[in-house]
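Since the structure comes first, as C-alpha cells, the remarks are kept for the end.
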Amino acid sequence: MDVMPKWAEVILVPLISLVLAAVLSAIVILAIGEDPVEAVNLMVTGALGSTYGWGYTLYYATNFLFTGLAVSVAFHAGLFNIGGEGQAMLGGLGVALACLFIPWPHWTLALLGASVAAALFGAAWAAIPAFLQAKRGSHIVITTIMFNFIGAAVLNYVLVNLMRPPGSMDPATARFPEVTHLPTLHDILLPLGISFSRSAPANVTFVIALLACVLVWFLLWRTWLGYEIRSYGKSEPGAKYAGISPVVITMIAMLISGALAGLMAINNVMGEAERLVLNAVEGAGFIGIAVALMGRSHPFGVLLAAILFGFLYQGGAELALWTSIPRELIVVIQALVILFTGALDNMVRMPLERLFLMLRRREA
Amino acid sequence: MDFLTFVQLLDSTVRLATPLLLACLAGLFSERAGIFDIGLEGKMLAAAFFSAAIAALSGSVWLGLLAGIASSMVFSLLHGVASITFRGNQLISGVAINFLAAGLTVLIAQDWFSQGGRTPSLMGGARFEPITLPFAESLGAIPIFGPIYRELISGHSILVYVAFAMVPLTWWILFRTRFGLRLRAVGENPAAVDTAGVSVVGLRYAAVIICGVLCGLAGAYLSTALQAGFVKDMSAGRGFIALAALIFAKWRPWYALYATLLFGLFGALETRPDVIEALFGIRVQGALLGALPYVMTVIILAGFVGKAIPPRAGGEPYVKER
Amino acid sequence: MVEQAPAIELKGISKAFGPVQANKNISIRVMPGTIHGIIGENGAGKSTLMSILYGFYKADAGEIFISGKKTEIPDSQAAIAAGIGMVFQHFKLVENFTVLENIILGAEDGGLLTPSLAKARKTLLELEHEYGLNVDPDAVIEELGVGMQQRVEILKALYRQADILILDEPTGVLTPAEADQLFRILDRLRQEGKTIILITHKLREIMEATDTVSVMRRGEMTATVKTSDTSPAELAELMVGRKVLLRVDKTPAQPGDVVLDIKGLRVVDDKGVERIKGIDLQVRAGEIVGIAGVAGNGQSELLEVLGGYAEATGEIRVNGQPLDLSGRYADGRSRRARGIAHVPEDRQREGLIMDFSAWENTAFGYHRDPGYQSGVLLNNAAIRADTEAKMGRFDVRPPNPALAAKNFSGGNQQKIVLAREIERNPDLLLVGQPTRGVDIGAIEFIHQQIVALRDKGKAVLLVSVELEEILALADRVAVMFDGHIMGERLSAETDEKELGLLMAGVSA
C-alpha cells in the first residue's frame, strides 16, 4: 500500500535528502575553518556568475547527463551499472580512433561518426558484464567494477604502446585534426547575437545530451521496449510470465547504458581535450550514480541533478582556486548525496511515512 | 634468476599481500554475515590516513594504529546504520563510503598539514619497523633454509605476522565457535537466526565491526609500515583487489590467504619486469599485469572455473516477512 | 479440584501493519495437554497472531499469560524461554547446514561448537526414541524432503524444551499420508503433556486432530468451541460469515474437440531435478479440467511450460498445432498469439507488476499488441480506455485505471488479471489458484467468469491446491503426484476421499 502521496515521494524525499547532504557539507566546511556562506557565494559567482562559469558548469553537466542517464536506464532494468567510468573510457578510445583515422569532410559528419564509435565502444565494454550476468548469473556490480580497472589498464596500454605519437612522453594520442573540432556554445550562440565566453569548453554536445534525455524518456515510458525494461526491473518472474526474456532485456538495457556512458566521450574527448588522455573521464562515471539516485532515475530529474553537479564541480574548482578548500570537497558532497539519496533513503522515508500515516488516521 | 632474487620476489609478495589479506578477511566476516561490502577500499584509505596522521602528530605508531582502526570502524558503523538499521542498498552505501573516504582524507590532510593532501613522512617510533626474528643472522648462512628464514620469514613488521595469524584464527572462529555458526547462519538465512532467538541486527553489527577493525589494520599497514606516510588515494584499488580475492577464495579463510598471495605476487612482478623477462622471455606491460587479478576474478565469476556462490542472504536487508 | 491455569491465555491482542488491521482485540485460552485449532481463511490474521505469541512481531496492545503468569514476549528469545516453540509455514532452516547444526543454532552450550554438537547428538537420540522422530543428524537440510525438514523444525522446538508447540499450516506441503503421520506425532506429543496450537484453513484437519477450535475472520476471533460440539458446516459458516456455496451453479459440460493435447511431457528444472515425469493429458473445448495435488508435485511446472517460460520435452498440441517447448525468448508472447491465456498461480509475483498502474498491468503480456501501438510508440490512451471498459465489466473497485496494482485488494487484483486474460477470448485458459487470498464475494464472481468461458465453448485448465474448489469448478479432475498423473476422474463421480488417496500417490 502507498502510504505517501506521490508528490511527497517524488519531491519531498529527494529534497530532504539533499538538504541533509548540504547541511553536513556545511559542517565539513566549518570544521576545516572556512565560512560556508562565503563558500557558497564563491561557488555561485564562479559557476553561474559569468558565461565563462556557465560554460564550465554546462560542460560538466553534459558529462554527468550521459553517465547519469546510463546508470538510470540500467536501474530501470534492476541492474546497478558501476561500470560507467570504464565504459566512458572506452568510449573515448572509440572517439579517438574515429577522429584520428577517418578523414572527415566536415565536423557534423565527424560528430556523427565519433558518436557512433563512442556508443559502440561503450556498449561493447558493457556487453561482457551484461552477458555474464544474463547467461551465467555473475553479479554485475562486481564485474563492472572489475571492468573499470581492466578498462583503465587497456587504455593505459593502448596509449603508452600503440597510440602515443613518436617522440612524445605523454601517454596521450596526437591532437585530433582541425576538421573534427566541435563548435562551442560561443560559436553556436554568436550568430544569435548572444556573446558567450570563448574559452569555456561547453559545446554542441550539450544539445545532444538534452536530446538523449528526451529520447531516454520516450524509450522508457512510450515504447514497448521501455515497458519491458521497466517490467523486468520490477519483477523478473513477472517478466518471464509476460513473455519478456530476462537475457534479452539485460543485454539491451546494459548495451544502451554502456552506449550512453560511452557517448560522454564526444563531450570531454572530442569537444574539450581534442585528444585522448589517460584520465579523461575524471570520475564522471561514478558521479553518474549520484546523479541517477538524486534524479530518481527519471530523465528530467537526471537533467536537474546533472546541472546541480555541474555547478558543484565548477564551483568547487573556483573554491580550490580562491580558498584553501581542496577540490576534494566535491567528492565529499558527492558521497553525501549518494549516501542520503541512495543508502539512507529509508532514514528519510520512514519518519515521513509515519507522519503521513498519522495524518491519514486523523482524517479518517 | 638466482635463488636470492626469487626469495626477494616472494618477500615483496608477502609485503604486498598483507594489506590485501587483512582487507579480504575483513570482507569475509562482513559478507559471511550477509552484508556486502564494496567499501573496503574507503575504509582502508581512511585508516591509512588517520593512522599516519596521528602517528605523525603523536610520534607513536601505536596511537596511530588505534586511530586508524577507530576511523575505519566509524565508516563500518555508517555502513551498518545504512544497510542494517535502515535496510538501505548495501552496494550504494559502499560506493558512498569509498567517495567519502577519498574526499575527507584529502580535505583533512590539507587542513591539518597543508602539504597537498599528504601527511609528513613518518620516522622512528611513528612507523612500524621490521622485526628481526631470533637467530635470523646466524641461521642465514644455512643454504636454502637460511635465506628463506632471513629474507622471507624474518624482517617484517608486526602487522604482517598479525595478518597471517588472522587466517587460522578466522577459520577457527568461523567453524569452531558458536559465534561463527551464528555468523554463517545469518548470512545464509537470517530468519532462521531470528526465530532461534538470536538477534540478527546484533550479529550483523558485530560482523561489520570486525570488518572495520581488520580494514583498519590493513590501512594502517599501508601508511605506517609499507610506506612512511599517507598520500592521496594511496589504497589505489587494493580494496577492490581484496574483494576480488574474496570471490576468488569463495568466502573461505585459507583460500583467501592463497588468493591474496597470488595477487600479491602479481603486484610484486609488476615492479620487476626484469624478472618476468628472465622467466618467460617476454616483456609484459606492468599495467596489464596489474589488471590480471580483475580478469581472473571475472573468469571465476563467470563460473568457468568452479562457481563462486556467495552467502545466500548476501546483499538483502533482513525484513521480517508478513 | 482447583481449575487448572490455561497453558496460554491471550487478552485483547491487536496489531496493525501500516493501514491494515491484522488482529483486532483477540482473546483466547488454550488448556494444557490439548490440541487447539485456529481456523480461518487466508489473510484472516491467524499467522500474525501466532507470530505475536512467538515474539516475531510485537503486538500494539494486549496481554499474554503463560500458565497463568503474565509474560512479556518482546522477541523470540523470550518466547523460547517461556517454553514456546513454533514451526513456521516456510521453514526457518539454514539450508547448507546439517540437521545437528540447525538444531543447536541459538541453543548452543557455551562458546565452542564441538561440545555443543556432541551434547545435541545425544539429546537428539533420546528425543527420537521418545517421540519416534527419526532423522539423520548429519544430513544437510537441502538434501532432505519437506516432510523431514518439518521433523527437524519440530525437533528444534523440542530440543529447546518447548511445552507449547505452534504449527502454522503444517500440511500445506505434505501429502495426505505424510499429514496423517504428522498428526500421529502430534497426538503422541499431546499424550506427553505438550500443548499444541494448529493453524490451518482445512476443516478436515480441525475435525480430525483438535480438541478445541477457534475461528478467525478478518482479524477478529469469531468463536471458540469444543471440536466435538461443532460440525464442518458450522465452522465454515463462522469462517466466512455466511453459508458457503460449496457447489458452483453450472450445467453439465458439453465437451467438443480436443484443444489441448499433451503427450509424454517431461520437465527438468534448473537444478536438474525431474519435476514432470512423462504425462499425457487432454482438455476439450467446453470443459474445465482440474489438476489436483499437493503443492510442489509438478503442477506449477506444467503451467509454466504451457505459459511458455520453462523448457520441456515431449509434445504439446493446441488445436492440433505443436507448441515450441524450448522455453526460448518470448515464448509467452507466441503462446498468447496462439490463443492461450494464463492467469498465473501467484498474481503478485507473476501476474501483475505491483508498482505499475492498473492500465499498465492491463497491457502486461499484451504490450506488443498492435492495438496498443501507434507507430513506434505505445498508445497509452487506447490502453487506458480498454482498461476502463474491462474494469467496468469485471466490477473492479475502485474503478481507477491510474491506481497502482498494490493499492487494490486481493480480489480486485485478481479481477484485473482475469479481465485481461478472459477478455482476450482465448481458446485455452490456464488458471492457477484462482481464488487464493481472494475474499468470498469475489470468489463467486471469479468462478462464474470461468464457467461462462467454458460455456462459450472454450477449454479451461485449472490448477488448484484446494480440493473443494476443484470439485466445485472442474468437470474432470486429474491428480498429480510426484510428476505423474495418478488418475483422472469425472468430478461428478468422485469425492475428496478418493482424490486424497491419489494425491498421496496411492493409485486406486
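If you read the sequences in order, they're chains G, S and L.
Going by my numbering, the residue at position 204 of the first sequence is 341; the numbering climbs one at a time, nothing skipped.
Going by my numbering, the residue at position 119 of the second sequence is 1216; the numbering climbs one at a time, nothing skipped.
Going by my numbering, the residue at position 346 of the third sequence is 347; the numbering climbs one at a time, nothing skipped.
Idealized CB from N, CA, C, for every residue including glycine.
Would residue i and residue j be called neighbours here (beta carbons separated by less than 9 Å)?
i: arginine 477(L); j: isoleucine 200(L); result: no
i: leucine 282(L); j: valine 306(L); result: no
i: isoleucine 1307(S); j: phenylalanine 1126(S); result: yes
i: leucine 462(L); j: valine 432(L); result: yes
i: leucine 477(G); j: methionine 484(G); result: Residue identity check: residue 477(G) is phenylalanine in the sequence provided, not leucine. In contact: phenylalanine 477(G) and methionine 484(G) (Cβ atoms closer than 9 Å).
i: leucine 1278(S); j: leucine 1122(S); result: no
i: alanine 1223(S); j: glycine 1139(S); result: no
i: alanine 225(G); j: alanine 402(G); result: yes
i: threonine 1321(S); j: alanine 1167(S); result: no
i: glycine 1165(S); j: phenylalanine 1147(S); result: yes
i: proline 266(G); j: valine 1395(S); result: yes
i: arginine 364(L); j: aspartate 356(L); result: The question names arginine, but residue 364(L) in the sequence shown is alanine. No.
i: serine 434(G); j: histidine 276(G); result: no
i: glycine 315(L); j: leucine 266(L); result: yes
Which residue or residues does DSSP assign as beta-bridge partners of residue i?
i: isoleucine 486(L); result: Met481(L)
i: proline 323(L); result: Arg318(L)
i: glycine 291(L); result: Leu463(L), Val478(L)
i: aspartate 169(L); result: Ile200(L)
i: phenylalanine 66(L); result: Glu10(L), Lys71(L)
i: glutamine 374(L); result: Leu379(L)
i: glutamate 275(L); result: Val269(L)
i: lysine 16(L); result: Asn24(L)
i: isoleucine 40(L); result: Thr201(L), Val216(L)
Give the interface partners of residue i over in chain S, defined as CB-CB distance under 9 Å, in chain order.
i: proline 173(G); result: Simply none; closest approach about 14 Å.
Closer than 9 Å, CB to CB, is residue i near chain L or not?
i: glycine 1221(S); result: no
i: phenylalanine 1276(S); result: yes
i: glycine 1411(S); result: no
i: valine 140(G); result: yes
i: tyrosine 196(G); result: no
i: tyrosine 450(G); result: no
i: isoleucine 381(G); result: yes
Under the criterion of a Cβ to heavy atom distance below 8 Å, does residue i qualify as lining the ligand NAD?
i: isoleucine 444(G); result: Ligands displayed in this structure: none; no statement on the ligand NAD is therefore possible.
Going along chain S in order, which residues have a C-beta closer than 8 Å to the C-beta of residue i?
i: histidine 91(G); result: This structure cannot speak to residue 91(G), because chain G is shown only from 138 to 501.
i: leucine 94(L); result: Asn1286, Ala1289
i: serine 68(L); result: None at all; the shortest Cβ gap to chain S is about 19 Å.
Taking only beta-carbon positions, decide if residue i is within less than 9 Å of chain S.
i: glycine 186(G); result: no
i: isoleucine 81(L); result: yes
i: glycine 170(G); result: yes
i: tyrosine 132(L); result: no
i: lysine 391(L); result: no
Could you check whether the Cβ of residue i sits closer than 9 Å to any Cβ belonging to chain G?
i: arginine 334(L); result: yes
i: leucine 1101(S); result: no
Taking Cβ-Cβ distances shorter than 9 Å, what residues in chain L pair up with residue i?
i: valine 1295(S); result: Ser77, Gln78, Leu106, Gly107
i: alanine 1282(S); result: Val95, Phe98, Glu102, Asn103, Leu106, Gly107
i: arginine 1184(S); result: Ordered by position in chain L, no residue passes the 9 Å Cβ test against arginine 1184(S), which lies about 16 Å from the chain.
i: serine 368(G); result: Ile354, Phe357, Glu361, Phe365, His368
Name the chain G residues that come within less than 7 Å of residue i, Cβ to Cβ?
i: tyrosine 310(L); result: Lys377, Tyr378
Run down chain L in chain order and give the residues with a C-beta less than 8 Å from the C-beta of residue i.
i: arginine 486(G); result: Residues of chain L passing the Cβ test: none, with the nearest at roughly 13 Å.
i: threonine 360(G); result: Val377, Leu378, Leu379
i: threonine 1292(S); result: Tyr55, Phe57, Ser77, Met87, Phe89, Lys93
So with CB distances below 8 Å, who are the chain G contacts of residue i?
i: glutamate 351(L); result: Ser372, Pro374, Gly375, Lys377, Tyr378
Next item on the list: State whether the segment 1145–1160 of chain S contacts the segment 1180–1187 of chain S, with contact taken as three or more CB pairs (one from each stretch) at a distance under 8 Å.
Entry: no
Next item on the list: Could you say if the segment 230–242 of chain G and the segment 368–387 of chain G meet the contact criterion of at least three C-beta pairs nearer than 8 Å?
Entry: no
Next item on the list: Flag this pair as touching only if the segment 285–298 of chain G and the segment 1378–1393 of chain S have three or more C-beta atom pairs under 8 Å; answer yes or no.
Entry: yes
Notebook entry, point to check: Taking one C-beta from the segment 439–455 of chain G and one from the segment 183–198 of chain G each time, how about it: are there three or more such pairs within less than 8 Å?
Noted result: yes
Checklist line | Cβ contact check for the segment 1282–1299 of chain S and the segment 1103–1110 of chain S: 3 or more pairs under 8 Å | finding: no
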